[in-house]
Amino acid sequence: MQIQKTVRRGTESSPPLHTSCPKNIITLSELHSLTPVSSTSGLSDRFTYSSSGNPKYLHINGVKAEDEAVYYCACVGYSGFGGGTMLNVGRSPSPPSLSLMPPSQTELSQGKATLVCMAQGFFPDTAAVSWTEGGSSRTGSEVQTAVPERRSDGTYSLISLLTVTAAQWSSGVSYSCQIRHSALTSPLSRSVSQAECQ
1 MQIQKTVRRG
11 TESSPPLHTS
21 CPKNIITLSE
31 LHSLTPVSST
41 SGLSDRFTYS
51 SSGNPKYLHI
61 NGVKAEDEAV
71 YYCACVGYSG
81 FGGGTMLNVG
91 RSPSPPSLSL
101 MPPSQTELSQ
111 GKATLVCMAQ
121 GFFPDTAAVS
131 WTEGGSSRTG
141 SEVQTAVPER
151 RSDGTYSLIS
161 LLTVTAAQWS
171 SGVSYSCQIR
181 HSALTSPLSR
191 SVSQAECQ
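Start counting the sequence shown at 1; every next residue gets the next number (UniProt numbering).
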């Protein structure tokens with residue numbers, strides 16, 4: 001199979017979304033020829049590249065389950081990687097199940113409230129979680145979403161936290177957690193409020 005990427009001089013075809021380095025790096029001799037020079041240990045020689053024209057292609061010969069990953073392309077001089085291309089090997093997409101848990105009484109007595117949103121059983125691992133408070137979006141430092149973790153059955157799970165004050169929670173406003181995933185025809189959401197927990 002082959003993975004396509006368009007590379008343009010002085011720009012990248014995808015916005016730089018990822019600033020951390022992927023697990024395996026393939027070093028190229030120069031931007032225009034895409035001639036492979038070396039790679040991190042353990043990367044198979046089944047990986048080959050196109051050397052002319054645009055877009056560029058990464059070829060994987062004899063795809064194996066171990067090749068399942070998100071593949072990124074980056075341009076020299078840029079601090080991030082593109083959005084990536086997910087390669088799924090031998091598995092159909094699976095939608096997530098979603099649960100939303102209210103804050104604990106112990107935490108409320110300390111003046112804060114953390115809501116826990118848990119998504120489980122989804123595949124592939126690319127998912128987007130968002131929060132709303134009374135219909136208004138909540139973002140920023142009060143939202144913490146973990147990187148999806150692979151489970152023993154090959155599906156993924158993730159946890160997202162929304163932290164507000166105890167007073168905000170006690171106001172009775174409804175809080176919602178929503179997830180978007182390729183296996184869903186529409187976003188999946190769960191809601192909770194103090195009134196529902198009494």
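Note that the Cβ used here is the ideal one computed from N, Cα and C, for glycine as well. Note that the coordinates shown come from a computational prediction; the quantities given were computed from them, not determined experimentally.
Backbone CA spacing between Leu115 and His59 [nearest angstrom]: Start at 1 with the first residue of the sequence shown, and residue 115 comes out as number 115. Start at 1 with the first residue of the sequence shown, and residue 59 comes out as number 59. Rounded to whole angstroms, Leu115 to His59 spans 44 Å at the Cα level.
How many angstroms separate the CA atom of Pro103 from the CA atom of Thr85? Here residue 103 refers to the residue found at position 103 of the sequence shown. Here residue 85 refers to the residue found at position 85 of the sequence shown. Pro103 and Thr85 have their alpha carbons spaced roughly 37 Å apart.
Looking at the secondary structure, which residues open and close the alpha helix (DSSP H) in which Thr106 lies? Taking the first residue of the sequence shown as 1, we reach residue 106 at position 106. In the DSSP annotation of this structure, the continuous segment of the alpha helix (DSSP H) that includes Thr106 starts and ends at Gln105 to Leu108.
How is Glu149 classed by DSSP in three states: helix, strand or coil? By 1-based counting over the sequence shown, the position of residue 149 is 149. Three-state result, Glu149: strand.
Contact check, Ser191 vs Ser176 under 8 Å by CB: the rounded distance? Residue numbering aside, residue 191 sits at position 191 when the sequence shown is read from its first letter. Residue numbering aside, residue 176 sits at position 176 when the sequence shown is read from its first letter. Going by Cβ atoms, the distance from Ser191 to Ser176 rounds to 4 Å, so yes, they are a contact pair.
Backbone CA spacing between Tyr156 and Phe47 [nearest angstrom]: Here residue 156 refers to the residue found at position 156 when the sequence shown is read from its first residue. Here residue 47 refers to the residue found at position 47 when the sequence shown is read from its first residue. About 26 Å.
Rounded separation between Ser189 and Glu142 - CA only: Residue numbering aside, residue 189 sits at position 189 when the sequence shown is read from its first letter. Residue numbering aside, residue 142 sits at position 142 when the sequence shown is read from its first letter. Going by the C-alpha atoms only, they are around 19 Å apart.
Unbroken beta strand (DSSP E) run spanning Glu133, endpoints: Indexing the sequence shown from 1 puts residue 133 at position 133. Residue range Ala127 to Glu133 is occupied by the beta strand (DSSP E) that includes Glu133.
How big is the Cα-Cα spacing for Ser137 and Trp131? Stepping through the sequence shown from its first residue, residue 137 is reached at position 137. Stepping through the sequence shown from its first residue, residue 131 is reached at position 131. If I take the Cα positions, the gap works out to 6 Å.
Select from Thr145, Thr165 and Ser109 the residue whose C-alpha is nearest the C-alpha of Cys117. As a first step, residue 117 is located in the sequence shown; it is residue number 117 there, counting from the start. Of the candidates Thr145, Thr165 and Ser109, the one whose C-alpha sits nearest the C-alpha of Cys117 is Thr145.
Would you tell me roughly how many angstroms separate the C-alpha atoms of Val70 and Val129, rounded to the nearest one? The residue you call residue 70 lines up with position 70 of the sequence shown. The residue you call residue 129 lines up with position 129 of the sequence shown. Taking the straight line from one Cα to the other gives about 19 Å.
Segment limits, beta strand (DSSP E) that includes Cys73: Position 73 of the sequence shown, counting from 1, holds the residue named residue 73. Here Cys73 belongs to no beta strand (DSSP E), and DSSP marks it neither H nor E.
Tell me the DSSP secondary structure of Ser170 in three-state form. Counting from one through the sequence shown, the residue named residue 170 turns up at place 170. Look at Ser170 here: in three-state DSSP terms it is helix.
Option nearest residue 204 by Cα separation, candidates Thr106, Tyr57, Pro95 and Glu133: Because the chain here runs from 1 to 198, residue 204 falls outside it and cannot be looked at.
Taking its Cβ as the centre, do 16 or more other Cβ atoms sit within 10 Å of Gln110, making it buried, or is it exposed? Taking the sequence shown and counting its residues from 1, the one referred to as residue 110 is at position 110. By the C-beta density criterion, Gln110 is exposed, having fewer than 16 other C-beta atoms within 10 angstroms.
Hey, quick one: how far does the alpha helix (DSSP H) through Ala65 stretch, first residue to last? Here residue 65 refers to the residue found at position 65 when the sequence shown is read from its first residue. Neither: Ala65 is in no alpha helix (DSSP H) and is coded neither H nor E.
Close beta carbons around Ala65, own chain, < 8 Å, minus the five adjacent residues each side: Sequence index remark: in the sequence shown, residue 65 carries index 65 (1-based). Correct list, in chain order: Val89 and Gly90.
Taking the beta strand (DSSP E) that Ala113 falls in, what are its first and last residues? Here the question's residue 113 lines up with position 113 in the sequence shown. Where Ala113 is concerned, the enclosing beta strand (DSSP E) stretches over Lys112 to Phe122.
Excluding the 5 residues preceding and the 5 following Gly134 in the sequence, name in chain order all residues of the same chain whose CB lies nearer than 7 Å to its CB. One-based indexing of the sequence shown puts residue 134 at position 134. Within the same chain, Val173 and Ser174 come within 7 Å of Gly134 by CB-CB distance, once the 5 residues on both sides are set aside.
Just how far apart, CA to CA, sit Val164 and Ser99? Taking the sequence shown and counting its residues from 1, the one referred to as residue 164 is at position 164. Taking the sequence shown and counting its residues from 1, the one referred to as residue 99 is at position 99. For Val164 and Ser99, the gap between their C-alpha atoms comes out near 18 Å.
Contact defined as beta carbons within less than 8 Å: I believe Ala119 pairs with Trp169. What is the distance between those atoms, to the nearest angstrom? The sequence position of residue 119 within the sequence shown is 119, counting from 1. The sequence position of residue 169 within the sequence shown is 169, counting from 1. With a Cβ gap of about 22 Å, Ala119 and Trp169 do not count as contacting.
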